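Encoded as structure tokens, the structure appears first; notes follow it.
There are 2 protein chains.
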Amino acid sequence: MKCKVCGQTAHVALNSHNTGFCSKCFCDFFSRQVARGIESQKLLAKQEPVLVAISGGKDSLSLMLELSRQGYRVSGLFIDLAIPDSSGIARQVVERFCKKHGLDLQIISLADEGLAIPLVKAALNRPVCSACGKIKRHYFNRAAIDGGFAALATGHNLDDETARLLSNTMRWDGAYLSSQGPLLEAENGFARRIKPLWRLSEFETANYAFIEGIEHSCASCPYSPGASFTTLKNILGRLEKAMPGRKLDFYQSFLKHGRPVFAASAPKAEDALKPCENCGSPTSSGDLCGVCRIRIAVRERIQA
Amino acid sequence: MKCKVCGQTAHVALNSHNTGFCSKCFCDFFSRQVARGIESQKLLAKQEPVLVAISGGKDSLSLMLELSRQGYRVSGLFIDLAIPDSSGIARQVVERFCKKHGLDLQIISLADEGLAIPLVKAALNRPVCSACGKIKRHYFNRAAIDGGFAALATGHNLDDETARLLSNTMRWDGAYLSSQGPLLEAENGFARRIKPLWRLSEFETANYAFIEGIEHSCASCPYSPGASFTTLKNILGRLEKAMPGRKLDFYQSFLKHGRPVFAASAPKAEDALKPCENCGSPTSSGDLCGVCRIRIAVRERIQA
Chain A
325 MKCKVCGQTA HVALNSHNTG FCSKCFCDFF SRQVARGIES QKLLAKQEPV LVAISGGKDS
385 LSLMLELSRQ GYRVSGLFID LAIPDSSGIA RQVVERFCKK HGLDLQIISL ADEGLAIPLV
445 KAALNRPVCS ACGKIKRHYF NRAAIDGGFA ALATGHNLDD ETARLLSNTM RWDGAYLSSQ
505 GPLLEAENGF ARRIKPLWRL SEFETANYAF IEGIEHSCAS CPYSPGASFT TLKNILGRLE
565 KAMPGRKLDF YQSFLKHGRP VFAASAPKAE DALKPCENCG SPTSSGDLCG VCRIRIAVRE
625 RIQA
Chain B
325 MKCKVCGQTA HVALNSHNTG FCSKCFCDFF SRQVARGIES QKLLAKQEPV LVAISGGKDS
385 LSLMLELSRQ GYRVSGLFID LAIPDSSGIA RQVVERFCKK HGLDLQIISL ADEGLAIPLV
445 KAALNRPVCS ACGKIKRHYF NRAAIDGGFA ALATGHNLDD ETARLLSNTM RWDGAYLSSQ
505 GPLLEAENGF ARRIKPLWRL SEFETANYAF IEGIEHSCAS CPYSPGASFT TLKNILGRLE
565 KAMPGRKLDF YQSFLKHGRP VFAASAPKAE DALKPCENCG SPTSSGDLCG VCRIRIAVRE
625 RIQA
């Protein structure tokens with residue numbers, strides 16, 4: 325197969341776009357898709373400072389690199405979960421990446437916050453994944469608000485987004501279907517949240533990271549061996565194979581025809597939010613936010 | 325595995341219900357599911373005469389038999405498409421079935437109506453499937469209205485319905501999502517349309533047909549070798565295997581939380597309907613309905 329742009333030997337075949345590219349033209353394609361994803365959904369303006377949540381994985385590092393190359397004012401945030409082995413490795417990967425590319429990096433250590441994930445896991449009588457996600461979202465949001473960033477960007481790709489959309493759709497969950505998308509506007513103490521990689525598949529992001537020589541951490545979380553939404557991702561992968569382009573169609577069509585219908589009918593969840601009495605973060609779960617309640621549970625566990 | 329009801333050897337394993345049944349208890353289960361499907365969605369009352377569209381396949385014949393056993397006032401309608409080999413075989417199967425069980429049967433011959441499907445296929449410059457579907461729906465509806473039936477019942481099962489729902493959802497097609505379901509109320513010249521097998525999978529219906537010794541026609545249509553929605557059915561089959569019960573959840577949750585949202589927002593397609601100038605059937609496609617236009621095209625083709 326020849327590169328559709330320059331005619332040299334293609335290195336990346338893209339069935340969903342019925343085409344193939346050489347390495348250089350693929351990276352140009354990747355950049356255009358990011359730019360198109362940002363512009364079409366009005367995610368971010370060039371002059372706005374953006375905080376990029378980086379985990380050390382290929383998606384978030386590719387996002388950080390590409391945004392910086394496109395001239396966005398990026399700054400990275402890594403949350404050290406204090407999980408033995410994997411957190412330390414990811415932290416080193418992120419530090420080397422930002423140093424190599426001359427990018428700002430802020431690190432929040434959950435151990436310093438009394439919320440090391442192994443302690444949280446020990447303190448809770450349930451799987452730690454949802455608590456871990458809650459804690460990360462809390463600190464990402466706090467850092468974006470306190471740092472005066474216009475937006476918080478995450479590396480969610482098309483596979484993440486369509487798997488989540490299918491999950492929400494299987495349950496016809498109006499609260500989620502009314503708000504899922506690459507842009508969540510800032511409101512009620514939440515920073516604007518954006519997903520600039522929403523048009524790009526995991527395969528495409530992996531190719532970009534490989535071609536650009538981005539060293540990334542592949543270690544899966546020891547507490548959650550399977551990737552999230554594995555079954556739904558596999559199913560959507562089969563659909564994409566049978567009908568190339570269908571995943572992006574599904575998501576774009578949702579943004580245009582599905583979400584507005586649910587947004588018009590769903591009650592706004594944010595109506596019930598108020599500031600946490602301890603940390604001031606928006607919460608709908610009582611006087612204290614979920615993270616402050618987790619912190620208390622961890623403290624009690626240690627003292628017990 | 326033992327039958328969950330009587331403890332004898334189970335012959336049918338139902339993963340979606342996490343159980344198994346012997347042949348007799350499975351048929352009782354099947355009957356309960358049909359009754360529950362009818363009652364929960366208020367499809368039909370016992371005293372109402374119902375016209376059952378029968379094709380000679382296992383679904384429609386199982387439906388016909390089960391409705392008659394539950395005391396509904398059923399009458400069968402078979403449309404002879406005049407497709408060489410397959411239509412004649414299906415017609416004989418249907419005639420033997422109705423004779424064996426003492427059930428009313430009406431037959432409409434498309435050859436007599438100037439609409440034999442091979443002629444229609446020759447007259448059209450496109451695949452015949454959608455025209456064939458349109459013609460069948462036209463005659464089913466006419467027969468239900470003219471015969472004074474309270475409803476027209478079809479043998480669509482859970483696999484048919486969820487594949488169609490997923491197809492509509494992938495496109496976020498509000499017009500279809502606002503009306504899909506086991507019940508379409510009578511309006512604007514259309515008879516009430518009901519799908520009493522909506523809670524039962526193809527596997528379950530096939531088991532019922534096998535256990536009850538229902539002879540059925542397996543010949544696939546020579547013009548449409550692949551079953552409709554094959555890819556989507558396969559995908560939903562994989563989902564069901566990974567998460568038993570998910571298909572019925574998806575459909576029921578749609579009826580409860582999805583369809584009402586789309587119904588509230590979608591413009592009513594029926595607003596634009598008017599009677600066909602030739603046959604009086606409701607149409608939105610001009611002075612003549614689609615079937616009368618097909619009939620003219622066939623006549624012109626024969627005369628050419």
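As they're listed, the protein sequences go chains A and B. In case it helps, the working numbering puts the first sequence at residues 325 to 628. In case it helps, the working numbering puts the second sequence at residues 325 to 628. Cβ coordinates follow ideal geometry from the N, Cα and C atoms, glycine included. Values in this document were obtained by computation on a predicted structure and should not be read as measured data.
Neighbourhood of B:F586 by C-beta distance below 7 Å, restricted to the same chain and skipping five residues each side: Residue numbering aside, residue 586 of chain B sits at position 262 when the second sequence is read from its first letter. Excluding the 5 residues flanking it on each side, B:F586 has same chain C-beta neighbours closer than 7 Å at G498, L501 and S502, in chain order.
Can you find a C-beta in chain A that's less than 7 Å from the C-beta of B:A587?
-> Locating residue 587 of chain B in the second sequence gives position 263, where the first residue counts as 1. No, B:A587 lies away from the interface with chain A (no Cβ there is under 7 Å from its Cβ).
- [ ] Between the Cα of A:G412 and those of A:F578, A:C545 and A:R623, spot the shortest distance and give me the residue it belongs to.
- [x] As a first step, residue 412 of chain A is located in the first sequence; it is residue number 88 there, counting from the start. Closest by alpha carbon: A:C545.
Strictly below 7 Å CB to CB, what residues from chain B border A:G582? If you number the first sequence from 1, residue 582 of chain A lands on position 258. Result: W496.
### Query
Closer than 7 Å, CB to CB, is B:T555 near chain A or not?
Taking the second sequence and counting its residues from 1, the one referred to as residue 555 of chain B is at position 231. It does: the Cβ of B:T555 has a partner Cβ on chain A nearer than 7 Å.
Output yes or no for whether 7 Å exceeds the beta carbon distance between B:G361 and B:W496.
Within the second sequence, the letter at position 37 stands for residue 361 of chain B. Within the second sequence, the letter at position 172 stands for residue 496 of chain B. No, they are not a contact pair.
- prompt: On the three-state DSSP scale, how would you describe A:I441?
  reply: Within the first sequence, the letter at position 117 stands for residue 441 of chain A. When secondary structure is reduced to three states using DSSP, A:I441 falls in the helix class.
Given 8 Å as the limit, is there contact between the region 560-580 of chain A and the region 375-395 of chain A, that is, 3 or more CB pairs closer than that? The region 560-580 of chain A vs the region 375-395 of chain A: no contact.
Residues of the region 393-420 of chain A with Cβ closer than 9 Å to any Cβ of chain B, in chain order: Listed in sequence order: no entries.
Suppose you measure from the CA of A:L405 to the CA of A:S433; what does that come to, to the nearest Å? As a working note, residue 405 of chain A is residue 81 in the first sequence. As a working note, residue 433 of chain A is residue 109 in the first sequence. Spanning the two alpha carbons is a distance of roughly 7 Å.
Next on the checklist: Along the chain, where does the beta strand (DSSP E) containing B:F402 start, and where does it finish?
Outcome noted: Locating residue 402 of chain B in the second sequence gives position 78, where the first residue counts as 1. Taken as a continuous stretch (DSSP letters only), the beta strand (DSSP E) holding B:F402 covers R397 to D404.
>> Which of the three DSSP states is assigned to A:I535 in this structure?
In response: Stepping through the first sequence from its first residue, residue 535 of chain A is reached at position 211. DSSP, reduced to helix, strand and coil, places A:I535 within a helical segment of the structure shown.
Exercise. With 16 as the cutoff for other CB atoms within 10 Å, does A:C330 come out buried or exposed?
Worked result: Your numbering for residue 330 of chain A matches position 6 in the first sequence. Flag for A:C330 reads exposed.
- prompt: Looking only at its own chain, which residues have a Cβ that is under 8 Å from the Cβ of B:P442, when we skip the five neighbours before and after it?
  reply: Position 118 of the second sequence, counted from the start, is the residue given in the question as residue 442 of chain B. The answer, listed in chain order, is A406, I407 and P408.
query = Among A:S340, A:Q394 and A:Q365, which one has its Cα closest to the Cα of A:D352?
reply = Residue numbering aside, residue 352 of chain A sits at position 28 when the first sequence is read from its first letter. Per the Cα distances, A:Q394.
Could you name the residues of chain A that B:S577 contacts, counting a contact when the two beta carbons are closer than 7 Å?
-> On the second sequence, position 253 is the one that residue 577 of chain B refers to. Within chain A, the C-beta atoms nearer than 7 Å to that of B:S577 come from R495 and W496, in chain order.
| A:D483 to A:T529, Cα distance in whole Å? | On the first sequence, residue 483 of chain A is found 159 positions in, with the first residue counted as 1. On the first sequence, residue 529 of chain A is found 205 positions in, with the first residue counted as 1. For A:D483 and A:T529, the distance between alpha carbons rounds to 11 Å.
Where do the ends of the beta strand (DSSP E) carrying A:S392 lie? Position 68 of the first sequence, counted from the first residue, corresponds to residue 392 of chain A. Counting along the chain, A:S392 sits inside no beta strand (DSSP E); it lies in the alpha helix (DSSP H) bounded by residues K382 to R393.
Listing by chain order, which chain B residues have their CB less than 9 Å from the CB of A:I559? Mapped onto the first sequence, residue 559 of chain A falls at position 235. Per Cβ cutoff of 9 Å: I559, L560, R562, L563 and A566.
task: Compare the Cα-Cα distances from A:E419 to each of A:T554, A:G614 and A:H540 and report the closest residue.
output: On the first sequence, residue 419 of chain A is found 95 positions in, with the first residue counted as 1. Of A:T554, A:G614 and A:H540, the residue nearest in Cα terms is A:H540.
Within its chain, find whatever has a CB closer than 7 Å to the CB of B:S491; leave out the 5 residues flanking it on each side and keep chain order.
-> As a first step, residue 491 of chain B must be located in the second sequence, where it is residue number 167. The residues are F553 and L556.
Going by other Cβ atoms of all chains shown within 10 Å of its Cβ, with 16 needed for buried, is A:G457 buried or exposed? In the first sequence, counting from the first residue as 1, residue 457 of chain A sits at position 133. With fewer than 16 Cβ atoms within 10 Å of its Cβ, A:G457 is classed as exposed.
Exercise. Buried or exposed: which applies to B:I559, given that a residue is buried once 16 or more other Cβ atoms fall within 10 Å of its Cβ?
Worked result: Counting from 1 along the second sequence, the entry for residue 559 of chain B is found at position 235. Buried, by the Cβ-count rule.
Roughly how many angstroms lie between the CA atoms of A:N449 and A:A487, to the nearest whole one? For this step, residue 449 of chain A is matched to residue 125 along the first sequence. For this step, residue 487 of chain A is matched to residue 163 along the first sequence. A:N449 and A:A487 have their C-alpha atoms spaced approximately 27 Å apart.
Does the separation of the CB atoms of A:V622 and A:A510 fall below 7 Å? As a first step, residue 622 of chain A must be located in the first sequence, where it is residue number 298. As a first step, residue 510 of chain A must be located in the first sequence, where it is residue number 186. The answer is no: Cβ separation not under 7 Å.
Fill in: Sequence-distant residues of its chain with Cβ nearer than 6 Å to B:K598 (five each side left out)
Numbered from its first residue, the second sequence carries residue 598 of chain B at position 274. Nothing meets the Cβ criterion.
Q) chain A partners of B:R523, CB-CB under 8 Å? A) The count along the second sequence starts at 1 and reaches residue 523 of chain B at position 199. Result: empty, since nearest Cβ-Cβ is about 17 Å, beyond 8 Å.
Review point. Helix or strand or just coil, what does DSSP make of A:I432?
Key: Here residue 432 of chain A refers to the residue found at position 108 when the first sequence is read from its first residue. Of the three classes helix, strand and coil, the one that applies to A:I432 here is strand, per DSSP.
Span of the beta strand (DSSP E), counted from its first residue to its last, around A:P584: Counting from one through the first sequence, the residue named residue 584 of chain A turns up at place 260. Run containing A:P584: none in the beta strand (DSSP E); it sits in the alpha helix (DSSP H), R583 to S589.
Specify, as a first and last residue, the run of the alpha helix (DSSP H) that B:V358 falls within. What you label residue 358 of chain B is simply residue 34 of the second sequence in a count that begins at 1. Counting along the chain, the alpha helix (DSSP H) containing B:V358 begins and ends at S347 to S364.
**Prompt:** Based on Cα-Cα distance, which residue from B:R625, B:S410, B:S605 and B:Q576 lies nearest to B:G513?
**Reply:** Residue 513 of chain B sits at position 189 when you count from the first residue of the second sequence. Here the closest residue by C-alpha is B:S605.
message = Is A:F473 close to chain B? Criterion is C-beta to C-beta, closer than 7 Å.
response = Taking the first sequence and counting its residues from 1, the one referred to as residue 473 of chain A is at position 149. Contact of A:F473 with chain B is not assigned, every C-beta pair being separated by 7 Å or more.
* How big is the Cα-Cα spacing for A:G381 and A:C542? -> In the first sequence, residue 381 of chain A corresponds to position 57, counting from 1. In the first sequence, residue 542 of chain A corresponds to position 218, counting from 1. Answer to the nearest angstrom: the Cα atoms are 7 Å apart.
Helix, strand or coil, according to DSSP, for B:R523 in the structure here? Counting from 1 along the second sequence, the entry for residue 523 of chain B is found at position 199. DSSP places B:R523 outside both helix and strand once states are collapsed to three, so it counts as coil.
Practice item. Classify A:D383 as buried or exposed, calling it buried when 16 or more other Cβ atoms lie within 10 Å of its own Cβ. Key: Residue 383 of chain A sits at position 59 when you count from the first residue of the first sequence. So A:D383 ends up on the buried side.
| field | Under 9 Å by beta carbon: chain B residues contacting A:R488 | value | As a first step, residue 488 of chain A is located in the first sequence; it is residue number 164 there, counting from the start. Listed along the chain, the chain B residues whose CB falls inside 9 Å of the CB of A:R488 amount to none; the nearest CB is some 14 Å away.
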